[in-house]
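The structure appears right after this line, and notes come after that.
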Amino acid sequence: MDSTRRRPRQPTHCRLFRHRDDIWDDDFVDVWIDSFHDHRRAYEFVVNPLGLQGDGLATDNNEDFSFDTVWYSRGQINQQGWVAWFAIPFKSLRFTKAPVQTWGITLQREIHRANEKSFWPYTTRREEGIISQNGEIRGMENISPGRNMQFIPYGLFRSFRGLDLRDPNVPGFNSRAAKFDGGLDSKFILKDSLVLDTTIEPDFSQVESDEPQVTVSQRFEVFFPEKRPFFQENSNYFDTPINLFFTRRIVHPQFGSRLTGKIGKYSLGMLLADDRSPGLLVPDNDPLANKRAYFAIGRISRDILKDSNIGLMYTDREFDGSFNRVGGVDATIRLSKTVVSRFQAVESSTQQTDGTYLAGPAFEGDISRFGHSLNADLHYRGRSDGFRTETGFDPQPDIHNEDLNVWYNFWPKKYVLRWGPQFETYRIDDHEGNRLNWGYIPEFFFEMPRQTRLTLGYAEEAELLRPRDFSVLAQNQDFLRNTKLFFFRTAPNKQIIFDIDWRWGRRINYAPPSGVDPYLARRNSVTTDLSIIPTSHLRVDNTYLWFRLGDFNDRGAAFNNHIIRSKWNYQFTPKLSARIIMQYSAVLANPAFTSLATTKNLNADFLISYLVHPGTAVYVGYNSNLQNLDHDLALDTDGNLVRTRNSFINDSRQFFVKVSYLFRF
C-alpha cells in the first residue's frame, strides 16, 4: 500500500529517527483495520516519512499502543511529499474463518504543523468515534492467519545493590555481584480469534520510569499509568466505567496468563497472575514472609443493537485467607450517532487481613453527546461505604457524585482553528447527607496552527473534611478553595515543542504539623515541558515541576516540591538507540507548617536498545539512585530513617544485560 502527500511548498514535517511507537510528533499515515468488521475494535498501523513504525489496538474510546506485532514498512520523502509502504502479514492479524472476508478500514493522514487530520472515508465529528465510520475491504477469499505460535525466551544478567527495609528496625543493604535469570513469554492463537498469552518469570528492567507527578500532601492515591508490556497489551478487553482492574496492583509476578479475543458477538478477557510482593516486603520471621497474592480477572461482553454491548465482569484477589471479590454488569448503548450512554453496577465482598468484613455496591453511569460544535457529558458515580476494589483503582468510597461538563466549538476560517468555552460543575455527598465537595470550573480554549493551544480557566470549589478523615479534627470543617489556570502549548518549528501549565490560588494543606488541623494555604504550581530536537537522530525531553504551599500571612512556605527530569534519546538507526534519563526531586519542608520531611533524590537511568523487531532485542542498562539519608542508616525517635541536609548515599544501583529472541511458528 502506498500513500503520497503532494504539498511541494510545505516541506514534510519529520523530526527524527524515533524509537518504535514513538512517532506521534511527526507527520504520519495511519491504517485502521477492523478485521472482525464489528465497528468496535481495530488494529492501527502507523508509518512516518522515514518508514518508522507504530502499532496498536483501538476502540472508539481508547488507543493502546502497547500492542506489538511483526510487519514491514518503508518511507521515502520526495519533491511532492512522501510515500509510505506497508506490508502486513495475515499471520499478524486475527479474523474469522469465513471463506469470504469483509473488513472495515480507515486511512488517516496527520499533518502536525497545520493541526490537520484527514480521513478516508469521510469521518464526521457529528458522530462519536472513528471505527464506527469505517469503509470496507471486500472480496478477500480463502485467507487464514495460519498456525500462529510465538515463544520469546529471555536471559538476564544483573549486578545490584539496594536498600533493604523489610525489617524497618534493622535497615541494611541487599546485593549480588552477579545474578542470572531467565523467563519465557508465549502466545498461542486459538480458533483464529482468541489469543492466549503466558509469561513465566517476567522481567521489566528496560521499562522507562514514571513521568513525574506531585505526590506530596495529596488526600488520595495518585494514579500512575501502566508501562509494562505484558499488562498493557489487550488491556482494553478489561475496560469498564469503574476501574476494576488496575494492573499495577500486580507488583512482582512470577507467572501470568491472559486469554483475550472475540468469538462471534462475544468478546472475552480472562487473566490469572500471582504477586510475590506482599511476602517480599516483610522480615523473614514474619508470618507473611514469602507468601503471595493471587489475582483472577474475568470479563465477557456481547454485542447488541448497533455499536452497543452488554457485559459481565468479576475480579478476585486472594492473600493469606483474606479476599476481595467484585462482580457486576455493565453496558454501552449508542442512542444515536452522537449520543452514547455507559453504565455499570457492581457489588464487592472483602475479608481483610485483620478479620474485618466489608461489603457494598457501586454504580457508575454517564450519557455523552459529541458533535461538531456542542458537546456534553453528564456523569454519576456512587460508592457505598463498604465498597472496595483491591484489583482496581477507586480510592474514594461512601460517595454520591454528579458531574456535568459542557463545551462548545467555534470554527473560525482564519488564524484560530478552533476555540470555545467549557464549563464543568460537580457535587459529591456522602451517605449521611454531608456535602463533601462542590465546584464549578469555567474555561476558554483556543487552538491554532503549529500545535498551539491556549487555555484560561478558574475553579471555585468547596471541600468538607470530617474527623473520620483526619482524627485531629473535633468536628466537620468546610474549606473554600480556588484555582486559576493558564496553559500554553506550541511547536513553532521542527526543533522545539514547549508547554507550560501554571496554577495558583488557595488549597488545603493535608499534611500539617502534628496536632494541627488541616488549613488553607496559598498554592502555586508550574509544570513546564521543553522538547528539543536538534538533529534527526537526537531528542531531548525536559520537564520541570514546581509545587509550593505557602502561608497566607507570608511567614514562609510549608514546603516546596521541585522535580527536574531530562530524557535524552539518540536513535543511531531504526533498530539501535540509547536513552539517558536524569531526574532530581526534592521536598523542602518547613517543620513549622508541615509534618513532611525534607527529602532529596537523584536518579540516573541509562539504556542501550537493539530492537530487531518486537520480541527479538538486546538491552544493556544501568540505574543508580541517591538519597539524602544518613550514611549509617540511623533511625529517628519515630523509627524513620534520618535525613541529612546535603549529603547523599547510593541506596540502589543495578547493571543488567537482557537478551530475548522471538520464535514464530
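Using my numbering, the final residue of the sequence shown is 1118, and nothing's skipped along the way.
Where is the CB? At the ideal position from N, CA and C, for every residue including glycine.
All figures in this text were calculated on a predicted structure; none of them were measured in a lab.
Does the Cβ of residue i have 16 or more other Cβ atoms within 10 Å, making it buried, or fewer, making it exposed?
{"i": "residue 622", "result": "exposed"}
{"i": "residue 810", "result": "exposed"}
{"i": "residue 465", "result": "Low confidence applies here, because residue 465 scores a pLDDT of 48, under 50, leaving its location unreliable and the question unanswered by this model."}
{"i": "residue 442", "result": "In this structure the chain extends from 454 to 1118, so residue 442 is not present and cannot be described."}
{"i": "residue 1132", "result": "Only positions 454 to 1118 of the chain appear in the structure, and residue 1132 is not among them; the question remains open."}
{"i": "residue 1020", "result": "buried"}
{"i": "residue 924", "result": "exposed"}
{"i": "residue 757", "result": "exposed"}
{"i": "residue 1011", "result": "buried"}
{"i": "residue 1065", "result": "exposed"}
{"i": "residue 661", "result": "exposed"}
{"i": "residue 563", "result": "buried"}
{"i": "residue 468", "result": "The predicted position of residue 468 is uncertain, since its pLDDT is 49 and thus under 50; a value taken from the coordinates is nonetheless stated next. Label assigned to residue 468: buried."}
{"i": "residue 602", "result": "exposed"}
{"i": "residue 573", "result": "exposed"}
{"i": "residue 1104", "result": "buried"}
{"i": "residue 1025", "result": "exposed"}
{"i": "residue 463", "result": "Residue placement at residue 463 is poorly supported in this model, since its pLDDT is 45, which falls under 50; the coordinates still yield a value, given next. Label assigned to residue 463: exposed."}
{"i": "residue 933", "result": "exposed"}
{"i": "residue 535", "result": "buried"}
{"i": "residue 551", "result": "exposed"}
{"i": "residue 595", "result": "exposed"}
{"i": "residue 479", "result": "buried"}
{"i": "residue 688", "result": "buried"}
{"i": "residue 885", "result": "exposed"}
{"i": "residue 1089", "result": "exposed"}
Do the CB positions of residue i and residue j come within less than 8 Å of each other?
{"i": "residue 649", "j": "residue 606", "result": "no"}
{"i": "residue 1075", "j": "residue 1111", "result": "no"}
{"i": "residue 992", "j": "residue 976", "result": "no"}
{"i": "residue 567", "j": "residue 482", "result": "no"}
{"i": "residue 522", "j": "residue 646", "result": "no"}
{"i": "residue 1035", "j": "residue 1057", "result": "yes"}
{"i": "residue 675", "j": "residue 1000", "result": "no"}
{"i": "residue 907", "j": "residue 941", "result": "yes"}
{"i": "residue 1023", "j": "residue 1030", "result": "yes"}
{"i": "residue 1086", "j": "residue 1094", "result": "yes"}
{"i": "residue 530", "j": "residue 499", "result": "no"}
{"i": "residue 433", "j": "residue 488", "result": "Look at the range of the chain in this structure, 454 to 1118, and you will see that residue 433 is not part of it."}
{"i": "residue 899", "j": "residue 874", "result": "no"}
{"i": "residue 510", "j": "residue 527", "result": "no"}
{"i": "residue 815", "j": "residue 835", "result": "yes"}
Please name the residue or residues paired with residue i in a DSSP beta bridge.
{"i": "residue 775", "result": "772"}
{"i": "residue 764", "result": "754 and 783"}
{"i": "residue 1032", "result": "1022 and 1060"}
{"i": "residue 1078", "result": "1056 and 1105"}
{"i": "residue 715", "result": "720"}
{"i": "residue 613", "result": "629 and 1107"}
{"i": "residue 946", "result": "949"}
{"i": "residue 496", "result": "486 and 510"}
{"i": "residue 571", "result": "562"}
{"i": "residue 607", "result": "636 and 1113"}
Is the closest heavy atom of the ligand HEM to the C-beta of residue i under 7 Å?
{"i": "residue 821", "result": "Looking for the ligand HEM in the displayed structure turns up nothing, as the structure carries no ligands at all."}
Using only CA atoms, which one of the options lies nearest to residue i?
{"i": "residue 870", "options": "669, 902, 716 and 1017", "result": "902"}
{"i": "residue 881", "options": "854, 873 and 907", "result": "854"}
{"i": "residue 848", "options": "1099, 900 and 672", "result": "672"}
{"i": "residue 958", "options": "872, 704 and 938", "result": "938"}
{"i": "residue 727", "options": "813, 654, 866 and 922", "result": "654"}
{"i": "residue 1098", "options": "1082, 518 and 997", "result": "1082"}
{"i": "residue 781", "options": "864, 817, 804 and 791", "result": "817"}
{"i": "residue 693", "options": "918, 1044 and 512", "result": "512"}
{"i": "residue 915", "options": "889, 947 and 987", "result": "889"}
{"i": "residue 990", "options": "968, 516 and 1027", "result": "1027"}
{"i": "residue 543", "options": "532, 593, 739 and 709", "result": "593"}
{"i": "residue 770", "options": "752, 520, 748 and 895", "result": "748"}
{"i": "residue 556", "options": "506, 611, 496 and 701", "result": "496"}
{"i": "residue 1113", "options": "1067, 615 and 927", "result": "1067"}
{"i": "residue 759", "options": "740, 792 and 772", "result": "792"}
Quick check on residue i - is its C-beta less than 8 Å from some C-beta in chain D?
{"i": "residue 1101", "result": "This model lacks chain D altogether, as it is built from one protein chain only."}
Determine contact between the segment 578-589 and the segment 625-634, defined as no fewer than three beta-carbon pairs at a distance below 8 Å. no
Please confirm if the segment 674-691 is in contact with the segment 1048-1060, defined as three or more CB-CB distances below 8 Å between the two stretches. no
The segment 829-837 touching the segment 852-867, judged by at least three CB pairs closer than 8 Å: yes
How about the segment 795-804 and the segment 772-787: do they share at least three Cβ pairs that are nearer than 8 Å? yes
Taking 8 Å as the threshold, find out whether the segment 859-874 comes into contact with the segment 835-850 through three or more Cβ pairs. no
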